[in-house]
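Novice: Below are the structure tokens for one structure; questions will follow.
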Amino acid sequence: MSTTEPRAAVIAELKDAGWCREDRHHFPLLKHESGICWDVLTEAGGCALDLLDGSSTTFSRATPDQVVIAACLASTGQLDPTVDRAHLEERASWLGWLERAGLDNWPGVDEARRMRADAEADRNA
């Protein structure tokens, strides 16, 4: 594996969101307390999000980190954080990445839309 860990930004963000790293694999695997897992599949950064119903969403290495992060957080309902305003705005901005990737039907996306609308209303006030 290269000296730079594939998807390091995704790993850091998910760890900050409470996901736990499992080091029993060649590539990184992070697990949410719900049982949902995200793992790197290739040295180039291809990765997958494994859901509780047995389905899996695979992301190519070309998929931006922001899309992967948003999908992971949406899958666990974490796009609705009860944290400071800066984090709320950042997470709401990830909605755009999900929409452009066609992944805007995940749990928590409606709340992200509300947060984005609130942030826009605050800026326009």
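All residue numbers for the sequence shown refer to numbering that gives the first Met the number 0, where the first residue is 0 and numbers rise by one. Don't be surprised by glycine CBs; every beta carbon is placed ideally from N, CA and C.
#1: Is ARG113 buried or exposed, if buried means 16 or more other CB atoms sit within 10 Å of its CB?
#2: Are the beta-carbon atoms of LEU48 and SER55 separated by less than 8 Å?
#3: Look at the alpha carbon of GLU4 and the alpha carbon of LEU78, and state the distance between them as a whole number of angstroms.
#4: Going by alpha carbons, who is nearest to GLU42 out of LEU51, HIS25, CYS36 and ARG122?
#5: According to the neighbour-count rule (16 or more other Cβ atoms, all chains shown, within 10 Å of its Cβ), is LEU28 buried or exposed?
#6: Does GLU32 come out as helix, strand or coil in the three-state DSSP assignment?
#7: In angstroms with no decimal places, state the Cα-to-Cα distance between GLY101 and ALA124.
#8: How would you label CYS19, buried or exposed, when you count the other beta carbons within 10 angstroms and need 16 or more for buried?
Specialist: Let me lay it out:
#1: Residue 113 sits at position 114 when you count from the first residue of the sequence shown. ARG113 sits exposed, since fewer than 16 C-beta atoms from the chains shown fall within 10 Å of its C-beta.
#2: Position 49 of the sequence shown, counting from 1, holds the residue named residue 48. Position 56 of the sequence shown, counting from 1, holds the residue named residue 55. Going by C-beta atoms, LEU48 is nearer than 8 Å to SER55.
#3: Position 5 of the sequence shown, counted from the start, is the residue given in the question as residue 4. Position 79 of the sequence shown, counted from the start, is the residue given in the question as residue 78. Near 25 Å, if we compare the C-alpha coordinates of LEU78 and GLU4.
#4: Position 43 of the sequence shown, counted from the first residue, corresponds to residue 42. The candidate whose alpha carbon is nearest that of GLU42 is HIS25.
#5: The residue labelled residue 28 in the question sits at position 29 within the sequence shown. Classification of LEU28: buried, given that the 10 Å Cβ count is 16 or more.
#6: Taking the sequence shown and counting its residues from 1, one reaches residue 32 at position 33. In the three-state scheme derived from DSSP, where H, G and I count as helix and E and B as strand, GLU32 is classed as coil.
#7: Stepping through the sequence shown from its first residue, residue 101 is reached at position 102. Stepping through the sequence shown from its first residue, residue 124 is reached at position 125. Rounded to whole angstroms, GLY101 to ALA124 spans 31 Å at the Cα level.
#8: The sequence position of residue 19 within the sequence shown is 20, counting from 1. Exposed, by the Cβ-count rule.
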